[in-house]
Structures are given as C-alpha cells and as structure tokens.
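2 protein chains.
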Amino acid sequence: MMPGRAQRPTFVPPTSMRNPVRGSSKGSIPSADNPDFDHDRKKKDIHNGIERLRRNNIKDRINELGLLLPKEASKEMKLNKGTILKASCDYIRQLEKGQYQQQNKLESAAKQYADRVRELEEILAKNGLRAPTKVLPPLPAIPSASQPFRQEIQESPNQTPCGSLESDCSTLS
Amino acid sequence: MMPGRAQRPTFVPPTSMRNPVRGSSKGSIPSADNPDFDHDRKKKDIHNGIERLRRNNIKDRINELGLLLPKEASKEMKLNKGTILKASCDYIRQLEKGQYQQQNKLESAAKQYADRVRELEEILAKNGLRAPTKVLPPLPAIPSASQPFRQEIQESPNQTPCGSLESDCSTLS
DNA sequence: CAAAGCACATGAGGCA
DNA sequence: TGCCTCATGTGCTTTG
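Set out below in structure tokens:
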C-alpha cells in the first residue's frame, strides 16, 4: 500500500505546461506572437511555482510530524497524510494528558516526602538531636503542574527537511 | 490577514463540472449519446467525490491540530495550514522535551527526599525513637522518566469535527 | 483492473 | 493591484 509517491517528484511538468492554456475561460488567445498571451502565461507560471512551494511546505511539515510520532505507533499504520495528522492529534492529546496527570502525581508525592522530612526533623529537634544537614532541592522550584505548562515556542527557522525546494522552482520567473 | 476561508465552502462546483471535459488528453469524446463518455464522466465524478472527502479529512485534521495548540501561541499568528503544521511540530517537540526533562528533575528530587527520609528514620531508630508511621506513596510506582514515555494511543474513532462531510459528497454516484 | 494517495494547474477570494 | 491561501478537478502512480 501507500500508493503515493516515495520521494519528491522532481516536478515533471504535467500536461498543461507542455500544452499551455487548455480551453481556459480566462487568459489570452494562444497566438504565435501575442504579448498578452506570453504575459499571462508567465504570470500563471509564477503563480504555479509559488503554489508548488506552498504545497511542498505543507507536505514537508506533515512528514516532519510523521517523523516526530512515537515509532511504534507509526510502524503499525500506513503513513499517509491523513493518518499522520490523525496520529499527531492523538499524540498531542496524549502528551498533554500525561504531562499534567503524571506531573501532578509526582508533585504530590514529592510534597508528601517533603512534609515527612520536616516532621522527622522536628521530632529529632525535640529530642535534642541533629541530623547531618543536607541540601535538598527546593520543592517550589519544581514547575507546578497545576499551572498550564507554557513556554515560548522555540523557533525552528523555516527548516525545509527536503532540500529540493528551491530547485523545483528553478523554472520560475 | 488570514486570506483563507472561514468555513467549509459548501462545494460550489467550479467551471469544469458545469462544462465537463475541457480539452483533456484522456476521456472519451463528449458526444450526446456516447456511453463511454457517460461512463468516464461518472467515474471521474466518483473519483472527484472521493478525492474531496480525502481533502476534507486532511483539512479537518489540520484545523483540529490548530485547536489543540496553546492558545497564546495560536493567537499571535495567522493560522494557515502551513503555520498550524509548523506550530504543531514545535509544540510536540516542546511537550516531549518538557516531559522528559521536567520529569527527570522531579524524579531526582523525589529520590533525594526519599533518601533523606530514610536517613532521618535511621537516626531516630538508633536513638530509640520512633516517628509516627506515615504511609508514603511508593516511589518506584512513579513512572520513570528515563524510559521513553509510551502508552497505547487512544483511539479517537474517525471523528470529523466539521459535520458537513458526507453532505458535500451528496452528488456522488 | 479498481482503489487510494498525491502533485499539479487553475480560478476564486480575501487582505495589504 | 499584487500577493497569498484555498478548494477543485484531473492525471499519474502504486498497491492489492
């Protein structure tokens, strides 16, 4: 399965480009020496190139998502755009849920341990004993899970995993 | 900004459907009573409908991702398909990173506190003292952050957030 | 061959 | 007006 293409299709210009202006409603008459026709054709080609860039970006992002998925999950399904996107939604939900609930669990556990430490230290102090002081990581420094975990989204500056993006548009302008 | 559409465009059949077979290289000759032409036309329509379903699914998934993003982050950018996908990649990376590193921090902190509790209890015991017993959450039960956090991905059985999916394909078959 | 996925060109439409 | 995003129809390719 996976009936799509395996790699970037390296832009083989389809029918309309070799045989321009197929009965379109707009555009000028395809005459041999018609400046309007050439102009429209160039404009369309530019538009097509930009549109292709846009599509490639979307495609690359989706593949990036697919790469980001848990490997076990991505092994056992056909990775097309649809399944990648669905799995990504599920994965984000799972990560968010896990983040909050596990962190809450850990946090309450740590708090109980901290309380226990203080309780024991009090008992020791009451009996005139002193335990060797020990530095413990301050508990409030632990990021609270009860607050929604946010942080500036790291900038991954327009990375384009597949390199043949501009080269595909080399026929542009 | 955001030059896209706001809602599902309710499928207004564009030029080619009202004016079928515009100088295509394939397909039969558009004659009045050509069974091949009708057959090809129906086949194409079916393909178009299915393709439309597929695209709607992809679109809905991307919008779902956009809904899943941290709201502050999604407020301050134009939500295109491209930006939604990019932000989703970043968000997943952020969630994963936060998950592991914060969980590791919490885990080591909890371990130190647990050690401290045992240390204090030992000192008490050596001096013939006993602290009131207190049940503490077992530390090994806390999921280890050093192991990659995995869990069966919850099934969100083919939910389609936007309802007008089949209705768009009502002209099918 | 049928089914499904994908990239493409193209026109519509919004926003600066 | 020009730029950008989008949805659509269509042909091509791969898988079963």
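Residue numbers (full-length UniProt numbering), protein chains in the order written: chain S, 1 to 173; chain L, 1 to 173. Glycine is no exception: its CB is placed at the ideal position from the N, C-alpha and C atoms.
From what residue to what residue does the alpha helix (DSSP H) around residue i run?
i	result
residue 106 of chain L	81-126
Under a three-way DSSP split, which group does residue i fall into?
i	result
residue 64 of chain S	helix
residue 76 of chain L	coil
residue 136 of chain S	coil
residue 130 of chain S	coil
residue 69 of chain S	coil
residue 50 of chain S	helix
residue 44 of chain S	helix
residue 150 of chain L	A caution first: residue 150 of chain L carries a pLDDT of 44, below 50, which makes its placement in the model unreliable, though a value can still be read off. Residue 150 of chain L falls in the coil class under three-state DSSP.
In chain S, what lies closer than 8 Å to residue i by C-beta?
i	result
residue 131 of chain L	119, 120, 123
Between residue i and the ligand NAD, is there a pair consisting of the residue's CB and a ligand heavy atom that are separated by less than 7 Å?
i	result
residue 80 of chain S	The ligand NAD is not part of the structure shown, which contains no ligands of any sort.
Looking only at its chain, what residues have a beta carbon closer than 8 Å to the beta carbon of residue i, apart from the 5 residues adjacent to it on each side?
i	result
residue 69 of chain S	84, 87, 88, 91
residue 124 of chain S	130, 131
residue 73 of chain L	87, 91
residue 133 of chain L	none
residue 47 of chain L	none
residue 121 of chain S	131
Less than 6 Å between C-beta atoms, sequence neighbours within five positions excluded: which residues of the same chain meet that for residue i?
i	result
residue 65 of chain L	84, 88
residue 115 of chain L	none
residue 171 of chain L	Note that residue 171 of chain L has pLDDT 34, beneath the 50 cutoff, so the model's placement of it is unreliable and no number is given.
Excluding five sequence neighbours on each side, which residues of the same chain lie with their C-beta closer than 7 Å to the C-beta of residue i?
i	result
residue 81 of chain L	62
residue 136 of chain S	none
residue 76 of chain S	none
#### Entry: chain S contacts made by the region 98-110 of chain L, where a contact means CB separation under 8 Å
Result list: 98, 99, 102, 103, 105, 106, 107, 108, 109, 110.
### Query
When you check each C-beta in the UniProt domain "BHLH" (42-95) of chain S against every C-beta of chain L, which residues fall closer than 8 Å?
Of all residues in the UniProt domain "BHLH" (42-95) of chain S, those with a C-beta nearer than 8 Å to a C-beta of chain L are 54, 57, 58, 61, 62, 64, 65, 68, 70, 72, 73, 81, 82, 85, 86, 87, 88, 89, 90, 91, 92, 93, 94, 95, reading in chain order.
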